[in-house]
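In numbering that gives the first Met the number 0, the protein residues as written are 0 to 246. Reading through the C-alpha coordinates given below for one structure.
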Amino acid sequence: MLSQKRGQTTLFIIIGIVVIAIIILAWQLVKNKPSSEPDSSFSSAADSIKYSIESCNENLAKNSTILLGLQSGRYKAYSYPIEGNDDYYGMGTFYISHYVYGNNNVQFSLGDVEKEFNEYYKDNMLSCLDNFYDFAAKGYKIDPKNLKLNIEFLDESTIFSLDYDVLVSKGTKKKTLSNYKPAEVPLRFKKTFDVATEISSVYSEQGYLPDSKQNTIINNIGNSKVIRLVDLENDRERRYVFYFAVN
(Lines of atoms letter the chains of each structure in order from A and count residues from 1; the text may use other names and numbers.)
(Lines give C-alpha, C1' and ligand atoms only; values in the text may rest on other atoms or scores of the structure.)
Protein backbone atom coordinates (compact mmCIF):
# COMPACT_ATOMS: atom_id res chain seq x y z
CA MET A 1 0.00 0.00 0.00
CA LEU A 2 2.81 2.34 0.95
CA SER A 3 4.62 1.44 -2.26
CA GLN A 4 1.49 2.24 -4.29
CA LYS A 5 1.19 5.70 -2.66
CA ARG A 6 4.84 6.44 -3.37
CA GLY A 7 4.31 5.45 -6.99
CA GLN A 8 1.32 7.78 -7.30
CA THR A 9 3.29 10.62 -5.70
CA THR A 10 6.15 10.08 -8.14
CA LEU A 11 3.70 10.08 -11.05
CA PHE A 12 2.13 13.34 -9.89
CA ILE A 13 5.58 14.91 -9.55
CA ILE A 14 6.50 13.81 -13.08
CA ILE A 15 3.22 15.14 -14.45
CA GLY A 16 3.77 18.43 -12.61
CA ILE A 17 7.28 18.75 -14.02
CA VAL A 18 5.98 18.04 -17.55
CA VAL A 19 3.19 20.61 -17.18
CA ILE A 20 5.63 23.24 -15.89
CA ALA A 21 8.02 22.46 -18.76
CA ILE A 22 5.20 22.85 -21.29
CA ILE A 23 4.17 26.18 -19.75
CA ILE A 24 7.77 27.47 -19.83
CA LEU A 25 8.22 26.33 -23.44
CA ALA A 26 4.95 27.94 -24.53
CA TRP A 27 5.93 31.18 -22.80
CA GLN A 28 9.30 31.20 -24.57
CA LEU A 29 7.64 30.60 -27.94
CA VAL A 30 5.23 33.48 -27.38
CA LYS A 31 8.04 35.71 -26.15
CA ASN A 32 10.25 35.03 -29.17
CA LYS A 33 7.49 35.24 -31.77
CA PRO A 34 7.98 38.32 -34.00
CA SER A 35 5.49 41.03 -33.14
CA SER A 36 2.90 41.50 -35.83
CA GLU A 37 2.24 45.06 -36.92
CA PRO A 38 -1.49 45.73 -37.41
CA ASP A 39 -2.30 45.88 -41.13
CA SER A 40 -3.72 49.41 -40.95
CA SER A 41 -0.74 50.77 -39.00
CA PHE A 42 1.84 49.23 -41.34
CA SER A 43 -0.05 50.36 -44.44
CA SER A 44 -0.28 53.91 -43.08
CA ALA A 45 3.47 53.99 -42.37
CA ALA A 46 4.28 52.68 -45.86
CA ASP A 47 2.05 55.38 -47.38
CA SER A 48 3.82 58.03 -45.30
CA ILE A 49 7.23 56.83 -46.48
CA LYS A 50 6.06 56.90 -50.10
CA TYR A 51 4.68 60.41 -49.64
CA SER A 52 8.03 61.52 -48.18
CA ILE A 53 9.84 60.15 -51.23
CA GLU A 54 7.45 61.95 -53.59
CA SER A 55 7.87 65.20 -51.63
CA CYS A 56 11.64 64.91 -51.86
CA ASN A 57 11.37 64.28 -55.58
CA GLU A 58 9.51 67.59 -55.93
CA ASN A 59 12.08 69.46 -53.84
CA LEU A 60 15.11 67.93 -55.51
CA ALA A 61 13.62 68.41 -58.98
CA LYS A 62 13.24 72.16 -58.46
CA ASN A 63 16.55 72.66 -56.64
CA SER A 64 18.56 70.65 -59.15
CA THR A 65 16.97 72.46 -62.10
CA ILE A 66 17.97 75.80 -60.58
CA LEU A 67 21.52 74.66 -59.76
CA LEU A 68 22.14 73.03 -63.12
CA GLY A 69 20.89 76.16 -64.86
CA LEU A 70 23.49 78.22 -63.01
CA GLN A 71 26.14 75.60 -63.79
CA SER A 72 25.50 75.26 -67.54
CA GLY A 73 23.57 72.00 -67.15
CA ARG A 74 26.29 70.37 -65.06
CA TYR A 75 26.43 69.16 -61.47
CA LYS A 76 30.00 67.89 -61.04
CA ALA A 77 31.41 67.22 -64.52
CA TYR A 78 32.55 70.80 -65.13
CA SER A 79 34.20 71.92 -68.36
CA TYR A 80 36.94 74.54 -67.78
CA PRO A 81 34.87 76.06 -64.95
CA ILE A 82 34.66 79.71 -63.98
CA GLU A 83 33.48 80.59 -60.48
CA GLY A 84 30.24 82.53 -60.45
CA ASN A 85 27.86 84.27 -58.04
CA ASP A 86 24.27 85.38 -58.55
CA ASP A 87 22.00 86.79 -55.85
CA TYR A 88 18.80 85.91 -57.70
CA TYR A 89 18.43 82.41 -56.21
CA GLY A 90 20.63 82.97 -53.17
CA MET A 91 22.64 79.86 -54.08
CA GLY A 92 26.10 81.19 -53.22
CA THR A 93 29.09 80.16 -55.32
CA PHE A 94 28.58 77.99 -58.40
CA TYR A 95 30.68 76.94 -61.39
CA ILE A 96 30.02 77.98 -64.97
CA SER A 97 31.21 75.61 -67.70
CA HIS A 98 32.41 76.38 -71.21
CA TYR A 99 30.35 75.34 -74.23
CA VAL A 100 33.16 76.51 -76.50
CA TYR A 101 36.82 76.39 -75.53
CA GLY A 102 39.67 77.31 -77.85
CA ASN A 103 37.06 77.81 -80.61
CA ASN A 104 36.04 74.15 -80.28
CA ASN A 105 32.58 73.02 -79.19
CA VAL A 106 32.54 71.07 -75.95
CA GLN A 107 30.25 68.12 -76.64
CA PHE A 108 27.41 68.09 -74.15
CA SER A 109 23.89 66.79 -74.84
CA LEU A 110 20.60 66.45 -72.96
CA GLY A 111 21.58 62.82 -72.37
CA ASP A 112 24.67 64.09 -70.54
CA VAL A 113 22.48 66.53 -68.61
CA GLU A 114 20.25 63.66 -67.46
CA LYS A 115 23.33 61.90 -66.06
CA GLU A 116 24.19 65.04 -64.11
CA PHE A 117 20.69 65.20 -62.64
CA ASN A 118 21.02 61.54 -61.63
CA GLU A 119 24.25 62.28 -59.78
CA TYR A 120 22.58 65.13 -57.93
CA TYR A 121 19.73 62.86 -56.84
CA LYS A 122 22.08 60.10 -55.70
CA ASP A 123 23.96 62.60 -53.54
CA ASN A 124 20.89 64.28 -52.05
CA MET A 125 17.90 61.91 -51.89
CA LEU A 126 18.76 60.14 -48.62
CA SER A 127 19.71 63.37 -46.88
CA CYS A 128 16.39 64.87 -47.98
CA LEU A 129 14.68 61.84 -46.42
CA ASP A 130 16.86 62.16 -43.30
CA ASN A 131 17.90 58.55 -43.97
CA PHE A 132 14.36 57.49 -42.96
CA TYR A 133 15.38 58.19 -39.34
CA ASP A 134 11.86 58.88 -38.00
CA PHE A 135 10.55 55.58 -39.36
CA ALA A 136 13.60 53.58 -38.28
CA ALA A 137 13.11 54.95 -34.75
CA LYS A 138 9.64 53.36 -34.76
CA GLY A 139 11.04 49.94 -35.62
CA TYR A 140 10.66 49.97 -39.39
CA LYS A 141 13.46 48.53 -41.48
CA ILE A 142 13.87 50.40 -44.76
CA ASP A 143 16.09 49.10 -47.54
CA PRO A 144 16.32 51.44 -50.57
CA LYS A 145 17.59 49.89 -53.81
CA ASN A 146 19.42 51.63 -56.65
CA LEU A 147 17.95 55.00 -57.52
CA LYS A 148 17.48 55.94 -61.17
CA LEU A 149 15.97 59.18 -62.39
CA ASN A 150 14.23 59.40 -65.75
CA ILE A 151 13.75 62.88 -67.16
CA GLU A 152 11.43 64.11 -69.88
CA PHE A 153 12.68 67.43 -71.23
CA LEU A 154 9.71 69.37 -72.60
CA ASP A 155 9.70 72.86 -74.10
CA GLU A 156 7.60 74.30 -71.29
CA SER A 157 8.61 72.14 -68.32
CA THR A 158 10.73 69.22 -67.12
CA ILE A 159 9.27 66.00 -65.71
CA PHE A 160 11.20 63.93 -63.16
CA SER A 161 10.19 60.26 -62.69
CA LEU A 162 11.78 58.01 -60.06
CA ASP A 163 12.74 54.38 -60.59
CA TYR A 164 13.38 53.61 -56.93
CA ASP A 165 12.41 50.38 -55.15
CA VAL A 166 12.28 50.80 -51.37
CA LEU A 167 11.60 47.72 -49.22
CA VAL A 168 9.75 48.51 -45.99
CA SER A 169 9.42 45.82 -43.31
CA LYS A 170 8.46 45.41 -39.67
CA GLY A 171 7.93 42.08 -37.97
CA THR A 172 6.23 39.81 -40.50
CA LYS A 173 4.99 42.66 -42.71
CA LYS A 174 6.83 43.64 -45.91
CA LYS A 175 6.10 45.98 -48.80
CA THR A 176 8.15 47.26 -51.73
CA LEU A 177 7.41 50.87 -52.64
CA SER A 178 7.50 51.95 -56.30
CA ASN A 179 5.41 53.78 -58.94
CA TYR A 180 5.85 57.26 -57.50
CA LYS A 181 4.03 60.34 -58.71
CA PRO A 182 6.33 62.25 -61.12
CA ALA A 183 7.41 65.79 -60.30
CA GLU A 184 6.95 68.49 -62.93
CA VAL A 185 9.04 71.67 -62.78
CA PRO A 186 7.56 74.54 -64.84
CA LEU A 187 11.00 75.98 -65.69
CA ARG A 188 12.01 75.82 -69.35
CA PHE A 189 15.35 74.08 -69.00
CA LYS A 190 15.34 72.46 -72.46
CA LYS A 191 14.38 75.64 -74.31
CA THR A 192 17.09 77.63 -72.53
CA PHE A 193 19.66 74.87 -72.99
CA ASP A 194 18.86 74.79 -76.72
CA VAL A 195 19.36 78.56 -76.97
CA ALA A 196 22.74 78.29 -75.21
CA THR A 197 23.78 75.44 -77.51
CA GLU A 198 22.76 77.42 -80.63
CA ILE A 199 24.61 80.55 -79.50
CA SER A 200 27.72 78.46 -78.81
CA SER A 201 27.54 76.79 -82.21
CA VAL A 202 27.40 80.15 -84.01
CA TYR A 203 30.26 81.47 -81.88
CA SER A 204 32.53 78.49 -82.62
CA GLU A 205 31.83 78.65 -86.36
CA GLN A 206 31.62 82.40 -86.98
CA GLY A 207 33.30 84.03 -83.98
CA TYR A 208 30.44 86.21 -82.74
CA LEU A 209 27.52 85.92 -80.32
CA PRO A 210 24.15 86.10 -82.07
CA ASP A 211 21.16 87.94 -80.63
CA SER A 212 18.73 85.96 -78.48
CA LYS A 213 15.05 86.46 -77.68
CA GLN A 214 15.93 85.78 -74.05
CA ASN A 215 17.38 88.53 -71.89
CA THR A 216 21.15 88.23 -72.30
CA ILE A 217 24.02 89.69 -70.29
CA ILE A 218 27.62 89.11 -71.40
CA ASN A 219 30.63 89.57 -69.12
CA ASN A 220 34.26 89.25 -70.16
CA ILE A 221 36.38 87.25 -67.73
CA GLY A 222 39.94 86.83 -68.95
CA ASN A 223 39.74 85.45 -72.49
CA SER A 224 36.28 84.02 -71.90
CA LYS A 225 32.81 85.45 -72.32
CA VAL A 226 30.28 84.47 -69.65
CA ILE A 227 26.70 84.58 -70.91
CA ARG A 228 23.74 84.93 -68.55
CA LEU A 229 20.40 84.03 -70.14
CA VAL A 230 17.13 84.86 -68.42
CA ASP A 231 14.09 83.01 -69.73
CA LEU A 232 10.60 84.49 -69.20
CA GLU A 233 12.08 87.47 -67.37
CA ASN A 234 8.67 89.05 -66.72
CA ASP A 235 7.11 85.87 -65.30
CA ARG A 236 8.03 85.77 -61.60
CA GLU A 237 6.91 82.16 -61.18
CA ARG A 238 8.75 80.74 -64.21
CA ARG A 239 11.70 83.10 -64.65
CA TYR A 240 14.81 81.00 -65.20
CA VAL A 241 18.51 81.89 -65.12
CA PHE A 242 21.07 79.93 -67.16
CA TYR A 243 24.83 80.53 -67.41
CA PHE A 244 27.45 79.25 -69.84
CA ALA A 245 30.81 80.43 -71.17
CA VAL A 246 32.64 80.53 -74.50
CA ASN A 247 36.32 81.07 -75.21
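All C-beta atoms in this analysis are idealised placements derived from N, C-alpha and C, irrespective of residue type, glycine included. Owing to the predicted nature of the structure, the values given are computational and were not obtained by experimental measurement.
- When C-beta atoms of the stretch 77-96 are compared with those of the stretch 199-212, fewer than three pairs fall below 8 Å, so the two segments do not count as touching.
- Using a 10 angstroms sphere on the CB of Y242, the tally of other CB atoms reaches 16 or more, which defines it as buried.
- A straight-line Cα-Cα distance of about 20 Å links G110 and P185.
- A distance below 6 Å between beta-carbons, with the five flanking residues on each side excluded, links K180 to the following residues of its chain, in chain order: E53.
- Contiguous alpha helix (DSSP H) elements confined to the stretch 170-209 occur at 188-205, taking only those with 4 or more residues.
- If the five residues before and after L161 are omitted, its C-beta is found closer than 6 Å to the C-beta atoms of N56, Y179, all from its own chain and listed in chain order.
- In the displayed model, N117 falls within a helix according to three-state DSSP.
- Distance check between F107 and each of D46, N62, G101, F192 places F192 closest, using alpha-carbon atoms only.
- Within the same chain, Cβ atoms closer than 6 Å to the Cβ of Y100 are found at Y79, N246, the five residues on either side in sequence being excluded.
- In this structure, the beta-carbon distance from L153 to K189 falls below 8 Å.
- DSSP places Y50 in no beta strand (DSSP E) but in the uninterrupted alpha helix (DSSP H) bounded by 38-69.
- Nearest neighbour of E113 by Cα position, chosen from K49, G221, T157, S47, turns out to be T157.
- Under the 8 Å Cβ criterion, the stretch 143-150 does not count as touching the stretch 37-51, having fewer than three qualifying pairs.
- R227 has I216, Y242 as its beta-bridge partners, per DSSP.
- Pairing T175 with N222, the inter-Cα distance amounts to about 54 Å.
- For D142, there is no enclosing alpha helix (DSSP H); the enclosing beta strand (DSSP E) covers residues 140-152.
- Looking from the CA of K147, the closest CA among D85, F131, E118, D133 belongs to E118.
- Assigned with DSSP and collapsed to three states, Y77 falls in coil, not helix or strand.
- Between I95 and G83 a beta carbon distance of about 5 Å is seen, short of the 8 Å cut, so the two are scored as contacting.
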